[in-house]
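In UniProt numbering, the protein residues as written are 1 to 593. All C-beta atoms, glycine included, are put in the ideal place defined by N, C-alpha and C. This structure is a prediction, so every number in the text was calculated from the model and none was measured.
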């Protein structure tokens, strides 16, 4: 493979000789035809990163909640040990062109990178973007890839990432180049182990590619390193297909666009099947433990008969019976029209948003933190309030067991293990049987359940995610090279083509609030929920009554890498940042039109 500097100023590595493969074969590469084609896709780089650039301070930021308390817990990151807390975002801006004179600003760097948490399409492009930035602006730099997530940092399990290996992962899905993991780096011994590793490698910076919990740990590491004189800076990159890691500075997390397109293809297929067979309701649970962004986006793309949105459930304080009644009402309404089929979308985190089930989970979390034996359901019930005990005892046995499973490393209920779609099918069926006995329901109800989770996490990234991730990786490299720490890499102005995107960083502390975890308040990055009066939700609510009774199925098909729609990002992003107009990675050309 050889490196080339293109006419637009982008450094990109292309095959030194054409790939050879026979029709129907992969030429021994293990890659399909489309994967081989994706290797040659060149993400557009924001203009500001093509030429010389520098970091400037931007607007002040405050923590989402508990600002003084959080800054007091992170005195070095917030500078409260000097009596003030100037949290500021930074921006990357063009700088005057100067000849390369071997200055310290362009010296070789040693950086580490780690993937943390669940997979998301585009992760490899973040690492490759980071590598390409280093090789262009800091030739001779070293990139250390820590294996299998944060545990690799603590155990110093790594490999050096070289250009020839990285080239085979350009625009490819998955995290398998270095692997990921869900271990936390938060306790004193874990922080000490991470610091030891960073010092042994003499790292100038560590880039953490992860979600809200992972980047909460990034802030903790950055604080620990500053406090103990470790020179390694820490920069985060926003990753999660759930779409709940965003704010005014972070418009979206990478992977969300691709995952929603993958899920929407499958949902569209099932909707066509439902309209063809005309005898089943399909209850489809989608990823999204703490927010309904995936469910809402998939609803906008496919037009199901009903999509349950967790944030709306919470806002109206609906309980389990309320949700069941609404689904049953939709089924009954369609039955009157002779339609005994349809599709219902359900976020995986729904159980935490129904006020009665949410209260039960909070109590169970407290009980588990106290050390009550989860295997003794009688003992568990004895520690619950009367209302929660009544609900708990009336849940199906399987759901009760799932609520008592071992918590994840961050102390959360493992909501993805709770089969909410099957719970709704059972309870809706019981409600419709009750109505049939009363003579108010004369239709049929047969239901099938689905869970779309892992299917969307490792797809080939869409053009948007491939380009966005490359920009994020290059931005992270820029921040580390400038000695910035405790920041999240940001790429904004996404309503414009990629060459006009803005890049910079925002303080990880500014994204934090205090949250109850394992029986105590902890500073964590706040998850961004669906705004029930926001443009995406408003668009859905304006149409859902029609979609409930009319079969306005929309089947978007598979992700497009070429053609008219290939450069369009998701509908939610267009509604949120571009007033409903498509967000395009590249400027449309006469050929596209």
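C-beta contact flag for residue i and residue j at 8 Å
i: residue 75; j: residue 460; result: no
i: residue 117; j: residue 243; result: no
i: residue 372; j: residue 271; result: no
i: residue 124; j: residue 169; result: yes
i: residue 470; j: residue 128; result: yes
i: residue 425; j: residue 388; result: no
i: residue 191; j: residue 144; result: no
i: residue 485; j: residue 222; result: yes
i: residue 331; j: residue 443; result: yes
i: residue 264; j: residue 305; result: no
i: residue 328; j: residue 432; result: yes
i: residue 106; j: residue 138; result: yes
i: residue 225; j: residue 472; result: no
Range of the contiguous beta strand (DSSP E) that encloses residue i
i: residue 89; result: 88-94
i: residue 208; result: 205-210
Counterpart residues of residue i in DSSP-defined beta bridges
i: residue 489; result: 505
i: residue 513; result: 524
i: residue 142; result: 110
i: residue 451; result: 285
i: residue 160; result: 144
i: residue 306; result: 344
i: residue 392; result: For residue 392, which the question treats as bridged, DSSP gives no partner whatsoever.
i: residue 584; result: 568
i: residue 115; result: 209
N- and C-terminal bounds of the alpha helix (DSSP H) containing residue i
i: residue 236; result: Note, residue 236: premise wrong, no alpha helix (DSSP H); beta strand (DSSP E) at 233-238.
i: residue 150; result: 150-154
i: residue 59; result: Careful: residue 59 lies outside any alpha helix (DSSP H), inside the beta strand (DSSP E) at 53-60.
i: residue 345; result: Careful: residue 345 lies outside any alpha helix (DSSP H), inside the beta strand (DSSP E) at 342-347.
i: residue 315; result: 310-315
i: residue 594; result: This structure cannot speak to residue 594, because the chain is shown only from 1 to 593.
i: residue 190; result: 188-200
i: residue 263; result: 256-277
i: residue 37; result: 33-39
i: residue 401; result: 397-403
i: residue 133; result: 123-137
i: residue 552; result: Note, residue 552: premise wrong, no alpha helix (DSSP H); not H, not E.
i: residue 535; result: 535-541
Option in the options with minimal Cα separation from residue i
i: residue 463; options: 578, 568, 296; result: 568
i: residue 508; options: 159, 89, 433; result: 89
i: residue 267; options: 324, 294, 374; result: 294
i: residue 566; options: 587, 531, 94; result: 587
i: residue 162; options: 185, 134, 499; result: 134
i: residue 199; options: 269, 153, 369; result: 153
i: residue 555; options: 108, 260, 55, 582; result: 260
i: residue 195; options: 229, 400, 177; result: 229
i: residue 537; options: 348, 381, 114, 297; result: 297
i: residue 397; options: 327, 418, 178, 142; result: 418
i: residue 447; options: 501, 535, 30, 340; result: 340
i: residue 379; options: 176, 543, 404, 333; result: 404
i: residue 594; options: 217, 500, 251, 273; result: Because the chain spans 1 through 593 in this model, residue 594 falls outside it and cannot be assessed.
i: residue 213; options: 523, 348, 164; result: 523
Residue i CB to nearest heavy atom of the ligand ADP below 7 Å
i: residue 473; result: Of the ligands one can find in the structure shown there are none, so the ligand ADP has no counterpart to examine.
Between the stretch 338-353 and the stretch 306-323, do at least 3 Cβ pairs fall closer than 8 Å? The stretch 338-353 is in contact with the stretch 306-323.
Three CB pairs or more closer than 8 Å across the stretch 484-499 and the stretch 137-155: no
Any contact between the stretch 441-460 and the stretch 202-209? By contact I mean 3 or more CB pairs, one from each, below 8 Å. no
For the 8 Å Cβ check, are there 3 or more pairs between the stretch 551-563 and the stretch 28-41? yes
Just checking, does the stretch 316-325 make contact with the stretch 570-582 on the three C-beta pairs under 8 Å criterion? no
Report yes or no: do the stretch 505-521 and the stretch 538-551 share at least 3 C-beta pairs separated by less than 8 Å? no
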